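Report on the following structure.
Numbering (full-length UniProt numbering), first residue to last: 1 to 149.
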């Protein structure tokens, strides 16, 4: 059987770096949620939440994910939405690669395992950086969530 790979979704992801109160961010969140609903695998109506708090480890309903993305922000390094149905684009060559059915299943499991292992560690820095930049409370200019009073 010939392995047919879907390509990377050609979607603008610049919204992920926009301010959370901007129209660009809002439209991006809605586009992401639409993509997740159409392509992701829900479990009892819940999808992995890519906010900096849940880190794609906790499943939430779409409305809760929307809230989390506005309150906590999206993990900025999550640019290929593998947990929401996007398949990594692998460059093709002129020679076709043949896989037999059993090998194909194992390869997908191995890729998922490697992604899970590294994904959690990659976002620790992102979460700490976010906390370092976030005010302790609205209007507080002297302290951040990580500073000591």
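For each residue, glycine too, the CB sits at the ideal point set by N, CA and C. From a predicted model like this one, the values you see are computed outputs, not experimental measurements.
Cutting at 7 Å between CB atoms, please list the residues of its own chain near residue i, excluding the five before and the five after it.
i           : result
residue 4   : Here the model assigns residue 4 a pLDDT of 36, short of 50, so the residue's position is not dependable and the matter cannot be decided.
residue 126 : 52, 75, 76 and 77
With DSSP run on the structure shown, which of helix, strand or coil describes residue i?
i           : result
residue 16  : helix
residue 51  : strand
residue 144 : strand
residue 131 : helix
residue 5   : Interpretation of residue 5 is limited by its pLDDT of 39, a score under 50 that renders its predicted location unreliable; no figure is taken from the coordinates.
Is it right to say residue i is buried, meaning 16 or more other beta carbons lie within 10 angstroms of its own, or is it exposed?
i           : result
residue 71  : exposed
residue 137 : exposed
residue 21  : exposed
residue 45  : exposed
residue 130 : buried
residue 56  : buried
residue 16  : buried
residue 63  : exposed
residue 86  : buried
Hey, quick one: how far does the alpha helix (DSSP H) through residue i stretch, first residue to last?
i           : result
residue 56  : Note, residue 56: premise wrong, no alpha helix (DSSP H); not H, not E.
residue 42  : Residue 42 -> no alpha helix (DSSP H), and no H or E assigned at all.
residue 75  : Residue 75 -> no alpha helix (DSSP H), and no H or E assigned at all.
residue 136 : It is not in any alpha helix (DSSP H) - residue 136 carries neither H nor E in the DSSP assignment.
residue 84  : Here residue 84 belongs to no alpha helix (DSSP H), and DSSP marks it neither H nor E.
To which residues of the same chain is residue i closer than 8 Å at the C-beta, ignoring the five residues directly before and after it?
i           : result
residue 68  : 49, 51, 53, 54 and 60
residue 84  : 32, 35, 36, 39, 40, 47, 48 and 50
residue 134 : 144 and 145
Below 6 Å CB to CB, which residues in the same chain sit around residue i once its five sequence neighbours on both sides are set aside?
i          : result
residue 18 : 24 and 25
residue 13 : 79
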